[in-house]
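Asks: Residue numbers (this note's numbering), protein chains in the order written: chain A, 1 to 680; chain B, 1001 to 1496.
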Amino acid sequence: MAFLSILVSALLLLLPPRGSSAVAAAAAAFASGSAAIGEGGGGEEDFSEALLLKPLPDRKVLAHFHFETGAPETPSYGRHHRLFPKSIAQLVKKFHIQEMELSFTQGRWNYESWGGFEPIASSNAKPPGVELWAVFDVPPDDVDASWKNLTHSLSGLFCASINFLESSTAYAAPEWSFRPGPGSLRYGTLPREAVCTENLTPWLKLLPCRDKAGISSLMDRPSIYRGFYHSQRLRLRSVKTSSDGTHSSIILEQTLTVVLHPNIQKTSTVNYGENKLQPSWSMSSLFGRKIGGTCLLAKSSNVYLQLDWDLVRELKHLQNGNQELGVESIMEESFLSNPAFVLSDEPDKVINEVNSRSEGSSAILYEFSVRKHSDLGPFDLGFTWKTPIVWSCSQLPLRVSRFLMGSGNERGAIAISLRSTRVREGLTNAQAMGESCKLDVNVFQVVPWYIKVYFHTMKVFVDGKPIAVSDIIEKIHVSPSEDKVSPGVLEMILKLPCRVDSAGFTLEFDKGFLHIDEYPPDANQGFDIPPAVITFPNFHVKMHFGEDNSSKQSAVLSRFEDNIPVRSYTEVLLVPLTTPDFSMPYNVITITCTVFALYFGSLLNVLRRRVNEEERFLKSKDKRSSPLSRLHSKLSAKLGGKPVVTSQSSARSSSFISLKLILKIILVAGIAIAWQYFSE
Amino acid sequence: MEERQTTSSMAPATATATAAKPKTGTTKQKRARSGFWRWLVASVAFRLALVYLPRNLRLSTRPEVATPLTSIRRLAEGYWLKQSAMSPYAGSMYHGSPLLLLVLGPLAVKRIEGQPEHLLCSLLLVIADILNAMLIRAIGQSLQKAYAQHLESLDLFNLSEESGMLPSGDIAALVYLWNPFTIVACVGLSTSPIENLAILLALFGACKGLVPLAAFGWVLATHMSLYPAILIIPIILFLGYGPDAPPRKLLPQRSYRTCGSSPSSDQYCKTEDVTDLLELRILFSWRRVTQFLLWTFIWGIYFLFLCDISVKQYGGLSEMFKRTYGFILTVKDLSPNIGVLWYFFAEVFDFFRDFFLIVFHVNILFMMLPLAIRLKHRPGFLAFVYLAISSMFKSYPSIGDSALYLGVLALFVNELAEMKFSFFLFCGYVGVSLLSPVMHNLWIWRGTGNANFYFATAMAYACLQIILVVESVSAMLNHDRKLRKLTTAPLADGKS
Chain A
1 MAFLSILVSA LLLLLPPRGS SAVAAAAAAF ASGSAAIGEG GGGEEDFSEA
51 LLLKPLPDRK VLAHFHFETG APETPSYGRH HRLFPKSIAQ LVKKFHIQEM
101 ELSFTQGRWN YESWGGFEPI ASSNAKPPGV ELWAVFDVPP DDVDASWKNL
151 THSLSGLFCA SINFLESSTA YAAPEWSFRP GPGSLRYGTL PREAVCTENL
201 TPWLKLLPCR DKAGISSLMD RPSIYRGFYH SQRLRLRSVK TSSDGTHSSI
251 ILEQTLTVVL HPNIQKTSTV NYGENKLQPS WSMSSLFGRK IGGTCLLAKS
301 SNVYLQLDWD LVRELKHLQN GNQELGVESI MEESFLSNPA FVLSDEPDKV
351 INEVNSRSEG SSAILYEFSV RKHSDLGPFD LGFTWKTPIV WSCSQLPLRV
401 SRFLMGSGNE RGAIAISLRS TRVREGLTNA QAMGESCKLD VNVFQVVPWY
451 IKVYFHTMKV FVDGKPIAVS DIIEKIHVSP SEDKVSPGVL EMILKLPCRV
501 DSAGFTLEFD KGFLHIDEYP PDANQGFDIP PAVITFPNFH VKMHFGEDNS
551 SKQSAVLSRF EDNIPVRSYT EVLLVPLTTP DFSMPYNVIT ITCTVFALYF
601 GSLLNVLRRR VNEEERFLKS KDKRSSPLSR LHSKLSAKLG GKPVVTSQSS
651 ARSSSFISLK LILKIILVAG IAIAWQYFSE
Chain B
1001 MEERQTTSSM APATATATAA KPKTGTTKQK RARSGFWRWL VASVAFRLAL
1051 VYLPRNLRLS TRPEVATPLT SIRRLAEGYW LKQSAMSPYA GSMYHGSPLL
1101 LLVLGPLAVK RIEGQPEHLL CSLLLVIADI LNAMLIRAIG QSLQKAYAQH
1151 LESLDLFNLS EESGMLPSGD IAALVYLWNP FTIVACVGLS TSPIENLAIL
1201 LALFGACKGL VPLAAFGWVL ATHMSLYPAI LIIPIILFLG YGPDAPPRKL
1251 LPQRSYRTCG SSPSSDQYCK TEDVTDLLEL RILFSWRRVT QFLLWTFIWG
1301 IYFLFLCDIS VKQYGGLSEM FKRTYGFILT VKDLSPNIGV LWYFFAEVFD
1351 FFRDFFLIVF HVNILFMMLP LAIRLKHRPG FLAFVYLAIS SMFKSYPSIG
1401 DSALYLGVLA LFVNELAEMK FSFFLFCGYV GVSLLSPVMH NLWIWRGTGN
1451 ANFYFATAMA YACLQIILVV ESVSAMLNHD RKLRKLTTAP LADGKS
C-alpha cells in the first residue's frame, strides 16, 4: 500500500505543476498514504462538498456551500487525523461538546422573498453577528466553565470577539424552547459582531483543500462579501459510538450561505409584457471564478440547482400552455430546450422531491458532478431565462416581526407580532380536526439585564383584541434578569387558533442605567437586543428524495432530509440608553464630597458652639482697655483655639497659652517624626 | 409665625394655622378643631380626585416617587414571580419585605371593572396617610402638653402667653396631609406611606410610653427599610426621659434657686416637693428601656419567623437579607432619583466604590452620637433630625421620606419660631421640586439636556436639606439657651 502511494506521488511529480490543483493533488497523495497507515483505527474519515444554487423570486440567487467532514471513533487522544481538522477534534475532546453551532452572519435573511418554510431557511438563516450555542456532555456544575473556555478557544480559532460571550450577562441557558430535549445547553449571541474575511479564512482552513481546489475555490472574497446576505456556519455533532462513552465520532458541517445579485448589465433587458425577465446568471458571473476540478479528497463533489416547488408549478403551467408546441417535459433529462430557461450544462441526474407537502408539484434538483471537469475544462454552470416567470417562495406559517414601543429613555415596551401568511399546507391533518385546531408557536427571547422587563405586564392580543394571558400561553418559563449578573430569558409556547389572522404580545420594560465603564465606546449608538427565536413545532421542514439512494451519497441532501422544526429569527432591536456625562467623574466626585463635607462641618459646628463662652468672650472684650493687648489676646485665642477668660490675667495667660501652643506644636511634630520613623 | 410655617407647608396649611390659632376661650378652640377636621376631609377628597384622574397622572413611574424600593410596579412584578412559583427576589426587581408583598401584592394586581387600575392600593395608601396624620397629631398634642408643663414648672407661663402657643399637633398633621410631596407619594402608589406609618407608630408608642407599640413600630420600620434602625436612640430617650423638655440641668437649678432665694419656710417645703417631683422625672427610667429591648427582641423574633415562613422555599432568610438590606447598602441600582448617590456611583471609579459606600453610610452614623448628646432632652426633635439625615443620604431616597420629616418638623413650630433662612428654604424647596422634573424631562425624554443638569438639582436639594437640618438644630439649641436665660435672668435680677 505504501509503495502504491509513493508511486502515485512520483507520478504526480512527473506532471507539470498547474497552480492550485497541484497542491491539492500532493495533499491527496499524502492523505492516501496516511489513510493506509491509519486504517486499522476503525472507520474511514470522509469529506464531501456540495454547492446548491437556487434562483430566488426577487431576482437574486442563493448559493449554499456545504462541506461535511466526518471523523469516526477515535481510540486515543493523540491521534492524527487524515481529513478532520485537528483543532476542532481537540476542542470536542477537551470540552466534551455534544453539539455545537457557530455562525457568523452579515445581513438579514428576508423570510418573505427568500423563503422561510424550507430546510435552508430553517437551519441556515441566522441572526446578524455571531450566534453560538453548544451542548456539553459534562456534569451540570461544570457547564459554565466549559462554555467559558470554549468561547475563548473559538475566539482564538476564528479571530472574532466570541470571548465576550464568556460573561454571564451575555449567555443564557434555555431549558426547552430553543431546542427540545434535555441537555446542558448554553446559548449566546453577539449582534454587533462585524463579520469579514478574517473570520472566513480560519473557517476555510478547516477544509482539507482550503479554497485551493474543489467547490470552495469559488469563494472569491469580494464577490461573496458583496452579497445581500452572508452566513458562515460551523456545526459539530459528536455521536457516542461505544457504550462506555470513550469513543465518539464527530461530524463537522460547514456551510456558507450567500445571497447574491447577478450582474444585470450582462443580461438582456428585453421586457416580456409587464414582467421583467429574471436576470440570467452563471457561476463565473456570480463568483467571478469557475470550478477547475474537484478536491481530490472529497468523497463526493456535486453542484445542485434547486427549483422551488412553486417555480416548478409555474413552469408546468407554462408547459401546459406550450404543450401543442411539442416541448419536452422539464422532468426529463434532455430538457436543455425547455420554454422557460436554458442550462449550459446537462445535469447528471434529476432528483425529484417526493412526499411534498404541496399537492401537484414538488421541488426539483439537478445534480451536476464536478468530477468530470478539470482545469482544462472548468465547470461553469450557466442559467439563462427565456420567459419571465413570477413565483413565490414557501412562506412561514406566521410572519414574525418584533418592534419597540414608547419613546424616551426611561421605559418602553417590546412587542412581537405574528401575522398569518395563509399557508396552511402543513396542517392538513390538523385541519381535519376542525375548530379545535391549534397552532403552536414557541418563543425564545433573551433580554440583556439593562432592559428590565416587567413580566407581569405581558399583554396578549389575538386578532387585535386583548385576551387573558392564561388562555393562550400553554407553557411559560421565565428567568428574570439580574443586574450585572444574568440576562433575562423568556421561553413560552403560545397556542393560537389556526384561523388566527394576527397575534401579538407586549412586555413593558424599564431601561437600566449603567456605570460609565460599562458603556461601549459608541454609547450613543444604543444597545442591541438579541433576536427572538420563533419555532413552529407543528411544522417540520423535511424533503424526501425517494429511495434511489442519491441522498445517501450527498451530505447536503441528507441534511435536507432531517426532520427539523421551522425556525425563524426576528430582527435585532436597537435600544438607545441614557448616557451619563462621560467627562465628569472628577467633578461629580469632588462636588458630592464637598456637599458631604458641608453637611458634616456645619452640623458639627452648630453642635459644639457654646454660647456661654461666647458671651464671656464678649464681656472680656468690652472690659479690655488697650487695643494692643486686645489684639494680642484675640490672636492668641485664635491660635490656641481657646478664648481668653479674663482681662486681668490676659498678659499672663497669653504667655501661658503661647507656651502651651509651642508645647502642642512640639508634640505634633514629635508624633509626626515617630510616625515617619515607625512607618519606615 | 405663619410666615415661618410656610417653610414646609402649603398655603392651606398656613390658612389652617391661622384658623387653628387658639386664643383663650373654648369657642375658638372648638372652631379650630372643626377647621382641622374640615381640612382633613378636604385632603382625602383631593387625594381621591387625583386617584380617579386617568392613569394616576403617571405618577407611579416618576423617579421622585418610585425608587427601586418603593415602586409599586416592582412590587407587582415580585408578586407575579411569586405567583409563578419563583422567588420574588429572582432577578433584580423586588427588594422589599416579603410581608409587604403578602399584603400589598394581591391589592396591586387586583382590578375592578370600570375603576382605576390600582384603586385598592390607592385606598390603602390614603388610609395610611390619614393614620400618619392622626399619629403626628397625637404626638404633637402630647409633646405640647409636656412642653407646657415644663414651662409651667420653670415659671415661664409668660413665655407661652406672650408668643401664643400654636397647636403644633394640628398644624403638623395638616402640613403632612397637604404637603405636595405626601400627596404625590400617596397618589403615585409608592410604598413609603406604609414605611412612614411604621416609623410614626414607633414614635407615637415611645411618646405615649406604650412600650410594645414602640417596639413593634421600630421593628417593622427597620424590617421594611433599614434606615429607621437609627431611631432606636430617640425611642430609648423618649422612654427613658419622657417627651421633649427644656434642658434638664435647668430644673434643679431653678428649684434650688427658688428655694434658696425665698426665706419663708412654707415656701421652702413647697419647692422641696416640686424638686422631688422634678427629680423623679429627670431620672432615666431603665425599667421601660429594658422593657422596650425585651419587646423589640420578641417582635424581632416574630417578624423573622414570619419572613422565614414566607421565604422558606426561596432561599431562606439569608437570601432575603441579601436582596433587601444588601441591595440598600451596596447601591446596585443606578437609576436616577432625587438623591446624590446614584450619579456618584455611576461615575466613580470601580476600585473606590467600596470605600465610598462605607464613607457615605458611616456619614449617617457619624453624627448620631453628637446629636444624641446635645439633644438628649428632646427625643422628638432628635427623631426628626435623624429622619432628615437618613432621607438625605439614603441610597434610594424618595419624596415620601421628605414628606415625613417635613411633617415631623412642623411639630416644633413653637420652638423653631426663630429659625433662620426659613423663607429661603421654602423657596428652595419649591424651586427644586419644579426644576427637577423639568431637568429629568429634558435629559431622559427630550434628549436635549444632560445628566449634569438633573444631578445639579439633586445637589441643590441635598444642600437645602443640609441647611434645613443645620438651621433647625441651631434654632432648637438657641431656643434652649433662651429658656436658660429666662430661667436664670429673674434670679439674677432678684440678686442684684
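We put the beta carbon where it would ideally sit given N, CA and C, even for glycine.
Computed from a prediction, not measured in an experiment: that's the story for all the values here.
Pull up the distance between the alpha-carbon of Phe136 of chain A and that of Asp483 of chain A, whole angstroms please.
Replies: Taking the first residue of the first sequence as 1, we reach residue 136 of chain A at position 136. Taking the first residue of the first sequence as 1, we reach residue 483 of chain A at position 483. If you take the alpha carbons of Phe136 of chain A and Asp483 of chain A, they lie about 27 Å apart.
Asks: So the candidates are A:Gln306, A:Leu256, A:Cys393, A:Gly116; which of them puts its Cα closest to the Cα of Phe368 of chain A?
Replies: Residue numbering aside, residue 368 of chain A sits at position 368 when the first sequence is read from its first letter. Minimum Cα distance to Phe368 of chain A is reached at A:Gln306.
Asks: Could you check how far apart the C-beta atoms of Glu571 of chain A and Ser417 of chain A are, in whole angstroms? I think they sit under 8 Å.
Replies: Position 571 of the first sequence, counting from 1, holds the residue named residue 571 of chain A. Position 417 of the first sequence, counting from 1, holds the residue named residue 417 of chain A. About 11 Å; that fails the 8 Å criterion.
Asks: Is the CB of Phe596 of chain A under 8 Å away from at least one CB in chain B?
Replies: The residue given as residue 596 of chain A occupies position 596 in the first sequence. Yes, because at least one Cβ of chain B sits closer than 8 Å to the Cβ of Phe596 of chain A.
Asks: Buried or exposed, going by whether 16 or more other CB atoms sit within 10 Å of the CB of Tyr1147 of chain B?
Replies: By 1-based counting over the second sequence, the position of residue 1147 of chain B is 147. Buried is the call here.
Asks: With a threshold of 16 other CB atoms inside 10 Å of the CB of Tyr677 of chain A, please say whether the residue is buried or exposed.
Replies: Residue 677 of chain A sits at position 677 when you count from the first residue of the first sequence. Classification for Tyr677 of chain A: exposed.
Asks: Go through its chain and collect everything with a Cβ distance to Ser1192 of chain B's Cβ below 6 Å, but skip five positions before and after it.
Replies: Here residue 1192 of chain B corresponds to residue number 192 of the second sequence, with the count starting at 1. Excluding positions up to five away in sequence, the list reads Thr1070, Ala1185, Ser1398, Gly1400.
Asks: When the Cα atoms are used, what is the spatial distance from Met1320 of chain B to Leu607 of chain A?
Replies: By one-based count along the second sequence, residue 1320 of chain B stands at place 320. By one-based count along the first sequence, residue 607 of chain A stands at place 607. The straight-line gap from Cα to Cα measures roughly 38 Å.
Asks: For Val1430 of chain B, is the beta carbon positioned less than 7 Å from some heavy atom of the ligand ADP?
Replies: Of the ligands one can find in the structure shown there are none, so the ligand ADP has no counterpart to examine.
Asks: Can you tell me where the beta strand (DSSP E) holding Gln232 of chain A begins and where it ends?
Replies: On the first sequence, residue 232 of chain A is found 232 positions in, with the first residue counted as 1. That run of the beta strand (DSSP E) goes 229-240.
Asks: Can you check whether the C-beta of Gly1091 of chain B is within less than 8 Å of a C-beta belonging to chain A?
Replies: Within the second sequence, numbered from 1, the residue matching residue 1091 of chain B stands at position 91. Yes, Gly1091 of chain B counts as interfacial toward chain A.
Asks: Looking only at DSSP bridge pairs, what is Phe505 of chain A linked to?
Replies: Within the first sequence, the letter at position 505 stands for residue 505 of chain A. DSSP lists A:Ile416, A:Val460 as partners of Phe505 of chain A.
Asks: Between Phe1349 of chain B and chain A, is there a C-beta pair that is closer than 8 Å?
Replies: Numbered from its first residue, the second sequence carries residue 1349 of chain B at position 349. Yes, contact with chain A.
Asks: Do Pro127 of chain A and Pro530 of chain A come within 8 Å of each other at the CB atom, strictly closer than that value?
Replies: Within the first sequence, numbered from 1, the residue matching residue 530 of chain A stands at position 530. Within the first sequence, numbered from 1, the residue matching residue 127 of chain A stands at position 127. For Pro530 of chain A and Pro127 of chain A, yes; Cβs fall inside 8 Å.
Asks: So which of A:Trp133, A:Glu198, A:Asp142, A:Thr457 has the shortest CA-CA distance to Tyr156 of chain A?
Replies: Counting from one through the first sequence, the residue named residue 156 of chain A turns up at place 156. Per the sequence shown, residue 156 of chain A should be read as Gly rather than Tyr. Per the Cα distances, A:Glu198.
Asks: If you draw a straight line from the C-alpha of Glu481 of chain A to the C-alpha of Trp1286 of chain B, how long is it?
Replies: In the first sequence, the residue the question calls residue 481 of chain A occupies position 481. In the second sequence, the residue the question calls residue 1286 of chain B occupies position 286. Checking the sequence, you will find Ser at residue 481 of chain A rather than Glu. Near 50 Å, if we compare the C-alpha coordinates of Trp1286 of chain B and Ser481 of chain A.
Asks: For Trp1445 of chain B, which residues of its own chain have a beta-carbon under 7 Å away from its beta-carbon, when the five flanking residues on both sides are left out?
Replies: In the second sequence, the residue the question calls residue 1445 of chain B occupies position 445. Answer for Trp1445 of chain B: no residue qualifies.
Asks: Could you work out which residues of chain B lie near His230 of chain A, taking near to mean beta carbons separated by less than 7 Å?
Replies: Position 230 of the first sequence, counted from the start, is the residue given in the question as residue 230 of chain A. In chain order: nothing, as chain B lies at least about 34 Å away.
Asks: Excluding sequence positions up to five away, which residues of its chain have a Cβ less than 6 Å from the Cβ of Tyr1314 of chain B?
Replies: Position 314 of the second sequence, counted from the start, is the residue given in the question as residue 1314 of chain B. Excluding positions up to five away in sequence, the list reads Ser1087.
Asks: Of the residues that make up the segment 1450-1466 of chain B, which ones have a beta carbon closer than 8 Å to any beta carbon in chain A?
Replies: Asn1450, Ala1451, Asn1452, Phe1455, Met1459, Ala1462, Cys1463, Ile1466
Asks: Residues in its own chain within less than 8 Å of Ser87 of chain A by CB, not counting five upstream and five downstream?
Replies: For the purposes of this step, residue 87 of chain A is identified with residue 87 of the first sequence, where counting begins at 1. Excluding sequence neighbours, Ser87 of chain A sits near Leu157, Leu206.
Asks: Of all Cβ atoms in chain B, is any one closer than 8 Å to the Cβ of Ser470 of chain A?
Replies: Residue mapping note: residue 470 of chain A aligns to position 470 of the first sequence, counting from 1. By this cut-off, Ser470 of chain A is not an interface position.
Asks: Look at the alpha carbon of Val258 of chain A and the alpha carbon of Thr201 of chain A, and state the distance between them as a whole number of angstroms.
Replies: Mapped onto the first sequence, residue 258 of chain A falls at position 258. Mapped onto the first sequence, residue 201 of chain A falls at position 201. Per the coordinates, the alpha-carbon of Val258 of chain A lies some 16 Å from the alpha-carbon of Thr201 of chain A.
Asks: For Ile1112 of chain B, does the three-state DSSP call read helix, strand or coil?
Replies: Counting from one through the second sequence, the residue named residue 1112 of chain B turns up at place 112. It is coil, neither helix nor strand.
Asks: Taking any Cβ of chain D, which residues in the segment 1312-1343 of chain B have a Cβ under 9 Å from it, in chain order?
Replies: Annotation note: the requested chain D is absent from the structure, which comprises protein chains A and B.
Asks: What is the rounded straight-line gap between the Cα of Leu1387 of chain B and the Cα of Leu1231 of chain B?
Replies: Locating residue 1387 of chain B in the second sequence gives position 387, counting from the first residue. Locating residue 1231 of chain B in the second sequence gives position 231, counting from the first residue. Spanning the two alpha carbons is a distance of roughly 8 Å.
Asks: Counting only C-beta atoms, is Asn1414 of chain B closer than 8 Å to chain A at any point?
Replies: Position 414 of the second sequence, counted from the start, is the residue given in the question as residue 1414 of chain B. Not closer than 8 Å to any Cβ of chain A, the Cβ of Asn1414 of chain B fails to qualify, so no.
Asks: What's the call for Ile534 of chain A, buried or exposed, on a 16-neighbour Cβ count within 10 Å?
Replies: Stepping through the first sequence from its first residue, residue 534 of chain A is reached at position 534. Buried.
Asks: Between which two residues does the beta strand (DSSP E) holding Ser407 of chain A run?
Replies: Locating residue 407 of chain A in the first sequence gives position 407, where the first residue counts as 1. Taken as a continuous stretch (DSSP letters only), Ser407 of chain A belongs to no beta strand (DSSP E), as it is neither H nor E.
Asks: Between Ser1402 of chain B and Phe1426 of chain B, what straight-line distance do the alpha-carbon atoms span, to the nearest angstrom?
Replies: By 1-based counting over the second sequence, the position of residue 1402 of chain B is 402. By 1-based counting over the second sequence, the position of residue 1426 of chain B is 426. Approximately 13 Å, taken between the alpha carbons.
Asks: Contact check, Tyr229 of chain A vs Trp391 of chain A under 8 Å by CB: the rounded distance?
Replies: For the purposes of this step, residue 229 of chain A is taken as the residue at position 229 of the first sequence. For the purposes of this step, residue 391 of chain A is taken as the residue at position 391 of the first sequence. No, Tyr229 of chain A and Trp391 of chain A are not in contact; Cβ-Cβ is about 20 Å, not under 8 Å.
Asks: Look up His477 of chain A in the DSSP assignment and say whether it is helix, strand or coil.
Replies: One-based indexing of the first sequence puts residue 477 of chain A at position 477. Here His477 of chain A sits in strand by DSSP.
Asks: Going by C-alpha distance, which of A:Thr169, A:Arg82, A:Gly115, A:Ile97 is nearest Gly1091 of chain B?
Replies: As a working note, residue 1091 of chain B is residue 91 in the second sequence. The option with the nearest alpha carbon to Gly1091 of chain B is A:Thr169.
Asks: On the criterion of 16 or more Cβ atoms from any shown chain inside 10 Å, does Tyr1302 of chain B qualify as buried, or is it exposed?
Replies: Counting from one through the second sequence, the residue named residue 1302 of chain B turns up at place 302. Its Cβ having fewer than 16 others within 10 Å, Tyr1302 of chain B is exposed.
Asks: In the DSSP assignment, the alpha helix (DSSP H) including His1223 of chain B goes from what residue to what residue?
Replies: Start at 1 with the first residue of the second sequence, and residue 1223 of chain B comes out as number 223. Unbroken alpha helix (DSSP H) run through His1223 of chain B: 1211-1225.
Asks: Mind reading off the beta-carbon distance from Ser554 of chain A to Ala50 of chain A? Whole number of angstroms is fine, and I expect it under 8 Å.
Replies: Reading the first sequence from its first residue, position 554 is the one you call residue 554 of chain A. Reading the first sequence from its first residue, position 50 is the one you call residue 50 of chain A. Indeed they touch by this definition, with Cβ atoms about 6 Å apart.
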